[in-house]
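Taking our numbering, I'd label the letters of the sequence shown as residues 105 to 232. In this text, a Cβ means the ideal position worked out from N, Cα and C, and glycines have one as well.
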Amino acid sequence: MKMIGIDYGTKRVGIAISDESNTLAFPYRVLPNNHLLVEEVVSIVDKEGIEGIVVGESKDFKGEENPVMANARAFVDQLERHTAAPVHFEPEYLTSFHAGHTSAPHLKDASAAAIILQTFLDKEKGKR
């Protein structure tokens, strides 16, 4: 069972995918945030045999949702209508900042998605 991680942004959306054992998350690609986004993500879900989706939940330091979350929630609503894979939110703090220090600039958003997904995978592993 593989999972996909998503770092939703207003201009670009980072995508990461886990290995089959859901132990490690890897940057996959960066998609433009346009009218084809849901279709492209659903295509990746189908092509890669994804069984779960993790979307970064963007909040400020007070724990309140950032303005981008309204659009992210609308995106998740569309995903849920087009795929059977369950969608989970994972709180994210400074993932793009950390990803910028660890990856090539063109992979920054995908690396941020990998951080989000890895955090989720590690929490789930601790529950087993």
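When the beta-carbon positions are compared, Ala214 and Gly109 stay at least 7 Å from each other. Of the candidates Pro190, Phe224 and Pro195, Pro195 places its Cα closest to the Cα of Glu168. Straight-line measurement puts the Cα of Gly230 at about 18 Å from the Cα of Ile157.
Of the candidates Phe130, Glu144 and Glu161, Phe130 places its Cα closest to the Cα of Ala120. If you check the CB distance, Thr114 and Val149 do not come in under 7 Å. In this structure, DSSP gives Lys115 a state outside helix and strand, which the three-state scheme calls coil.
In this structure, Val142 is the residue among Val191, Leu128, Leu225 and Val142 with its C-alpha nearest to the C-alpha of Val117. Under the DSSP assignment, His192 falls in the beta strand (DSSP E) whose first and last residues are Val191 to Glu196. With a 10 Å radius around the Cβ and a threshold of 16 neighbouring Cβ atoms, Leu140 comes out exposed.
In the same chain as Ser162, and ignoring 5 residues on each side of it, the C-beta atoms closer than 8 Å to its own belong to Tyr112, Glu169, Asn170, Val172, Met173, Ala176 and Glu196, in chain order. Contact check for Leu225 against Asn126 passes: the beta carbons are separated by less than 7 Å.
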